[in-house]
Structure formats: structure tokens, C-alpha cells
Amino acid sequence: MWIMQNLNVLLGGSEAAWRDFVLEYAPLLLAVAQKTLLHYRVSDPDLADDAVQEAFLRLVREDYRGLRLYDPQRSQLRTFLGVIVRNVTIDLLRKRRNTEAVSPERLEQVAAPADVQPEELQKIPAGVLSVRQSRVLHLLVNEELSVSEVAEQMGVQPHTVRSMKHKAIQRLRRYFHNQPRTGEGVAP
136 MWIMQNLNVL LGGSEAAWRD FVLEYAPLLL AVAQKTLLHY RVSDPDLADD
186 AVQEAFLRLV REDYRGLRLY DPQRSQLRTF LGVIVRNVTI DLLRKRRNTE
236 AVSPERLEQV AAPADVQPEE LQKIPAGVLS VRQSRVLHLL VNEELSVSEV
286 AEQMGVQPHT VRSMKHKAIQ RLRRYFHNQP RTGEGVAP
């Protein structure tokens, strides 16, 4: 087990101390990363390895700034390192989830939703959509602009356009779902 004396040697820049530190704690960090991934129902040895590497990088960046944050009065070194690798693993999962590949078919569905037709936009009474939501849908559906083009035209980020479109579609679904259907199930 590492003690403060060894930690001080490491913080002094000793390569041998760093090697010993990595050999001592890499198995612990890997176990915590794997356990964290399993908690989120992900089994990816490469991602666990990436989390361990990133955790070590966080510890040594800027002259061991991360490792200098360790306070033996607050926790054991093992606990401190476990928290760091757990947080790194969760961060990597978030990044991966936000950048997952989308199939071309799914992209088509998102880019041109089948449930919003240009002629239906003309039938929407005032107040169902906000002015910005109406404009976003008009530009996306009627003008057939891309999300990036709409974002540029409106002076917002692309994720804001996607969010406005999503909320507008939700409102439209609720609106059209609550409207009486003409000619369905009505006797002549």
C-alpha cells in the first residue's frame, strides 16, 4: 500500500514512483471502471481501459494537479482513486451515448418526420406552436433547409433547432390526437 511518503516522492516527479503507483493501482481502477460499466449494463473492455488511462491522465495533468487534491484526512487513497475513475467512466459513457452512430434510415426519419406534412402546417391554429417553433418547422419542412442552415438563419445552435423541432412535433401530436377525426366511424 502506498503511504504519504511514497506519494510525496511521486509528486516530486520520480518516474520510478509513478511506475510503482501505476502497477499498484491500475488493477483497482480497472475493477472500478468495469463495475461502473456493468452497473450501466455495458460490457466493453476497451472502454474500461480508456477510463483507466483517462483517470491516470487526470491525476498527472498540470504537474499532478489531480493527485495533489488528495487529502488523507478525508479518505483513503483507494477511495479517492475509485471516485475519479468512476466519474471518468460515467463521462465516457455520456460521450459515447451522445455520439453513437445513427443509421441512415433513422436519420431520414428524424430529418423528415412523416407525421408533419407541409399542408398540415397550414391548418394549425395560432397558439398551438410558439412563433419560433412554427418558424423552425416551416424552414425544415416547407423550405427543406437542413438543421444547420436553420440554426445559422435563426442565430442559434443546431441542438437548439433540434430541440425546438422535437417540442413542436410533440405539441402537434397532442393537438392532432385531441382533434375529432372527420368521417371516421360516423354513419352517413
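Convert by adding 135 to the 1-based position in the sequence shown; the result is the number in my numbering. We treat Cβ as the ideally placed atom computed from N, Cα and C, and that holds for glycine. Quick caveat, the model's predicted, so the values are computed rather than measured.
When the beta-carbon positions are compared, Ala-152 and Leu-163 stay at least 9 Å from each other.
Distance from the Cα of Arg-193 is smallest, within the candidate group Glu-278, Val-285 and Val-223, for Val-223.
Burial is judged here by how many other beta carbons sit within 10 angstroms of a residue's own beta carbon; Lys-230 has fewer than 16 and is exposed.
Sequence-distant partners of Arg-267 (beyond 5 residues in either direction) whose C-beta falls short of 7 Å from its own C-beta, in its chain, are Met-299.
Your pair Arg-306 and Val-282 does not check out as a contact, with CB atoms roughly 19 Å apart and the cut at 8 Å. Annotated three-state conformation of Val-266 is helix, per DSSP. For the pair Leu-274 and Leu-264, the CB atoms are not nearer than the 9 Å cut-off.
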